[in-house]
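First comes the structure, then the notes that go with it.
2 protein chains.
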Amino acid sequence: MRRTHEERVLLVLREQGALSRNQIARAIGLSRTTLSEITGSLLQRGAIVVIDTDAADREGSGRPAERLALDPASGQFMGVDFGHRRVHVVVADASHEIVASGSDRYEDRIDWPTRLEVAFGLLERLSAQFGVHYGALQGVGIGIPGPYSGKPGVRGFPSHRAAADGFHEASVDEAFGERLGAPVIVDNNTRLAALAEATFGGKAIEDLLYVRLSDGVGGGLVVGGRLVSGSAGLAGELGHVTVRQDGSPCRCGKHGCLETIASAPAILAACRAAGLAVDTLDDLATAVARSHPVADRVLRDASTALGQVLAAVGMALNPAEIVIGGEITRIAPVLVQQAAATVRYGLFPGAASPGVRTAYLSDDDGALGALAAVFHSSPLLAGYPATPAPARLRPTATQGVADGRAH
Amino acid sequence: MRRTHEERVLLVLREQGALSRNQIARAIGLSRTTLSEITGSLLQRGAIVVIDTDAADREGSGRPAERLALDPASGQFMGVDFGHRRVHVVVADASHEIVASGSDRYEDRIDWPTRLEVAFGLLERLSAQFGVHYGALQGVGIGIPGPYSGKPGVRGFPSHRAAADGFHEASVDEAFGERLGAPVIVDNNTRLAALAEATFGGKAIEDLLYVRLSDGVGGGLVVGGRLVSGSAGLAGELGHVTVRQDGSPCRCGKHGCLETIASAPAILAACRAAGLAVDTLDDLATAVARSHPVADRVLRDASTALGQVLAAVGMALNPAEIVIGGEITRIAPVLVQQAAATVRYGLFPGAASPGVRTAYLSDDDGALGALAAVFHSSPLLAGYPATPAPARLRPTATQGVADGRAH
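Residue numbers (our numbering), protein chains in the order written: chain C, 1 to 407; chain U, 1001 to 1407.
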C-alpha cells in the first residue's frame, strides 16, 4: 500500500514536472498528512528533491510552498552481475540511460554473504561517485552463476549465516529487496545474456538461441519473446549436451559433453595435447594470428561439435538467430564461422537458416543483461508485493575507484 | 458488432436459462426490434430453440410469449484433424463433453478443396446423426500435416481454384471461418498433439517435449505452457535432427536424420535388411512377441538414436515430461523404455530427470489435439474479427455412417 502511494507520487512528478505538496495531494487524492509522510520518505531516500518554491507564481501573502521534483540523478533501474570473482553493477535512469557503472572483486568461490557485502559496498561507492540515489528504483535485475528456477527464492545456494551484517539464511533476492525496497528479478547470468542479445540488438528477436564459450559452456533460450527457465531452472545448459559418447570426462559426471570440447580451457588443453604451447587466450590469439595448423584444427573440431549441438537444438526450436558469445570468439572468429556452416548443413535444405552471429555483449556485460531483464519484465513488477524500504543505503564516502565506464 | 450482440444473447441464455425475447432485450439493453433480428438468425442457425411459452407464469390475458434457450445439443467447440488420407472431427459441448465424432476418407495427397468438401460433408452427416448444430460454435481447432507458422493464413499450401463450391484461393482457416462463422485456429497436427498431451493428462504440464514415430518422425514443444511455433513455423521437427553424419539419405535432402532410423518404415526396413521378413507393423508385433533378436536389436538402435536426440533437446529445454507417440510404441514398448534410459544417461547426473512416457492419445486422436488448442486458446478468441455467418451448413440427410465413438 505504502509502495503504491510512493509510485503514484513518482508517476505524477514524472508526468507533470515540479509540483507543490498540495498540488501532489490533490492530483492523487491523498490527504496532506499522508502525503507529507510519503514525500518525507522519498526526500530522505533521495528519490525526489526540493527544487524551488512557488513564490514567483503565487498571489496572496502566505508562506511560499516548496516545489518537489524527481531527482534527475535518481537511478530507476539496476542491473547486477555476480561472477565467480567480481560483481558488476549498472544503474539506469527512467529514460534507460546508464547513469552509473562499476565493479569490485572478491575471492573465487567466497560465500554469498561476503559477495553481498562487496556488492552493497559497491552500491554505496557508486552512489557517492556518480551522485546517484536508489530511492526511486523501479526494479533490480540480478544475474548469478549456476542454475536458477525462476521461482521465488534462489535455488542452488547453501544457506549461510553471516555474523557481521545481521542477515542470515540469506537469499540474494531477499537481501537486495530488503536493502533497496524494490522488486528484484534473479536469474542465471548466461540466460540473462541471452535475453539481452534478444532485446539490445535494435529490433527485438522473439526466438533466439544463445551459447557462451567461457571457462564452461552455458546458454540461454528466448522462445516467443520470453526467457525459458525449464521445469527445474535448468534450461539452456547446452554445454552438457553429449557430443561424443566415448569422450573425455566432464565436471558434470558425464562424458563427452560439448563443454569438454568447446570451452576455452578445453580448447587450450587440446592445443597443448597436440604440442602447441598455449597457456592463455593471449597465447591462442598469437597462434591464430600465425595460422598455426594445430590451433586451426582444434578450433575447427570445437566449432563443428558446437555447430552440431546448435543444429540439433535449432531444429527443435527454429530460432531466428543463434548467438555465440565468450571472449574466445573474438580471438578466433573461425569458431563462429565454422559453427555457422555446420548449423546451415544440419538444418533443412532450402528453409531459411537462422542468422548465426557473434554476441554483441562481452562477458563483462552481464549487468547489462540483468538490466535488460528488468526493462523486459517491467509489467511483471506490477505484481511485486510491497516491501518496507529501510533506506539503509546512504552514500558515505568513496571507498574505492569505480571503473567509471558509462555505456 | 452483430457478432458481439449474438455473443451477449448466447451468454445471457447460458447464464440464466430460458428467457422470453422481452426478458433478453431488457437483460442486455437492446431494443425489441434489434433483438428479434438477432434471435431470428440464431434460431435459423439452430444455436437456440423455442422450448415453451411463459403461459404458466404470466398473469393477465395477453398472448403468451415464446421462451428461448440454448439448444442443449448445440456444439460449442470443434476439433478437426486432416491426415494424409482422412479427416476426423470431434464436437464438444460447452461443458467440454464430446457430443459427436466421426471421420471420412479421401485419396492420399488429394487437393485441399476436395479435402475441405469431404470435411464439410462429414460435418453435415454428424449434424444429422448426432443432432448437433454449429450455430453457437465458440471455436474451431484444425490440425494439418506439414509446417504451420502460427501466423494468420495457412502457409505451405498452393492456392487452388475450386469449381464446384464457389470458393477460390482457399485457405483452410478462411474456408472454415466462412462456413461456420466461428474463430478458427490452425496448426500442425503433431504440434497440436503435443499440446493435447500437455493438457489432457490431468494436471497441465508447462514444459513438455513430444515426438511421434509414424510414417515420418515429427514433434512438438510446449514451453512455459505455450505451444512453440518457431520463427518460421518449423519448431518441433525432431525427425530431422542429424543423428549419423554418414547415415542414409533422408527425404528432406540431408543424411542420417532421426527419421531415417526411428520412423516406422525405417524400422521395418532395417529389420528386412537384417533378414527378418516384416512388411507391416502387425508382422513386427509378431516378431516382438517372439522376442526375435533382429527386431530387438533394430528397436534398440532406433530408441538409442531417439533417446540421444531427446536428451540433447531435453538438456536445452529442461522439460517436465517427454512423451513418445505413434502406433509403433504400443507394439514395441521397448522403444519408450530404451529411449527413457538413454535420456536419463544423457541428462545431468543427480538432477531430476523428466518423466518419459508413451502418449495418452493415439495417432487417430488428432482431432482431440485440435480441440485442446481451442480450449487452451479461448482467451485468444476474444480478438477474433467478426465474420458473417452464412449458415450454409444445414443438416440434410445422413450421408454415411459416422464411426460414432464418443470419448
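In this text, a Cβ means the ideal position worked out from N, Cα and C, and glycines have one as well.
Pick from the options that is closest to residue i, judged by C-alpha positions
i	options	result
residue 1228/U	1188/U, 1330/U and 1246/U	1188/U
residue 1369/U	1198/U, 1086/U, 1064/U and 1040/U	1198/U
residue 220/C	321/C, 209/C and 226/C	209/C
residue 276/C	115/C, 10/C and 293/C	293/C
residue 1367/U	1027/U, 1144/U, 1222/U and 1211/U	1144/U
residue 224/C	42/C, 321/C, 92/C and 286/C	321/C
residue 182/C	290/C, 47/C and 280/C	47/C
residue 244/C	1346/U, 1004/U and 1029/U	1346/U
residue 1071/U	1052/U, 1061/U, 1086/U and 1065/U	1052/U
residue 1138/U	1177/U, 1107/U and 1331/U	1177/U
residue 332/C	268/C, 69/C and 120/C	268/C
residue 1101/U	1082/U, 1108/U, 1078/U and 1085/U	1078/U
residue 1006/U	1041/U, 1020/U, 1250/U and 1372/U	1041/U
is_contact[residue i, chain U] using C-beta, thresh 9 angstroms
i	result
residue 252/C	yes
residue 359/C	no
residue 294/C	no
residue 338/C	no
residue 234/C	yes
residue 219/C	yes
residue 186/C	no
residue 223/C	yes
residue 146/C	no
residue 158/C	Model confidence at residue 158/C stands at a pLDDT of 31, short of 50, so the residue's coordinates are unreliable; what they give is reported in the following sentence. No, residue 158/C does not count as interfacial toward chain U.
Contacts of residue i in chain U (Cβ-Cβ under 8 angstroms)
i	result
residue 231/C	1206, 1207, 1318, 1319, 1320 and 1354
residue 351/C	1232 and 1234
Local conformation of residue i per DSSP, three classes
i	result
residue 1326/U	coil
residue 345/C	helix
residue 318/C	coil
residue 403/C	With a pLDDT of 38 at residue 403/C, under the threshold of 50, the modelled position of that residue is not reliable, and the figure given next carries that caveat. Coil.
residue 1292/U	coil
residue 408/C	In the structure as shown, chain C begins at 1 and stops at 407. Residue 408/C is therefore absent and cannot be evaluated.
residue 1368/U	helix
residue 1280/U	coil
residue 1205/U	coil
residue 1020/U	strand
residue 1187/U	strand
residue 243/C	coil
residue 1225/U	coil
residue 361/C	coil
residue 35/C	helix
residue 219/C	strand
residue 306/C	helix
residue 1236/U	coil
residue 1355/U	strand
residue 42/C	helix
residue 213/C	strand
Cutoff 9 angstroms: residue i Cβ touching any chain C Cβ
i	result
residue 1113/U	no
residue 1226/U	yes
residue 1345/U	yes
Under 7 angstroms by beta carbon: chain U residues contacting residue i
i	result
residue 309/C	1312
residue 240/C	1315 and 1348
residue 197/C	Residues of chain U passing the Cβ test: none, with the nearest at roughly 15 angstroms.
Per-residue contacts from residue i into chain C (C-beta, under 9 angstroms)
i	result
residue 1259/U	Neighbours of residue 1259/U on chain C: none; closest Cβ ~11 angstroms, over 9 angstroms.
Cβ-heavy atom distance, residue i to the ligand HEM, below 8 angstroms
i	result
residue 204/C	The ligand content of the structure shown is nil, which means the ligand HEM is not present either.
Interface residues of chain C facing residue i [CB-CB closer than 7 angstroms]
i	result
residue 1237/U	315
At what residue ranges does the segment 1055-1143 of chain U contain a whole run of the beta strand (DSSP E), taking only runs of 3 or more?
1066-1070, 1077-1082, 1086-1092 and 1098-1105
What ranges does the alpha helix (DSSP H) occupy inside the segment 249-279 of chain C, keeping only unbroken runs of at least 4 residues that lie completely in it?
259-262 and 264-273
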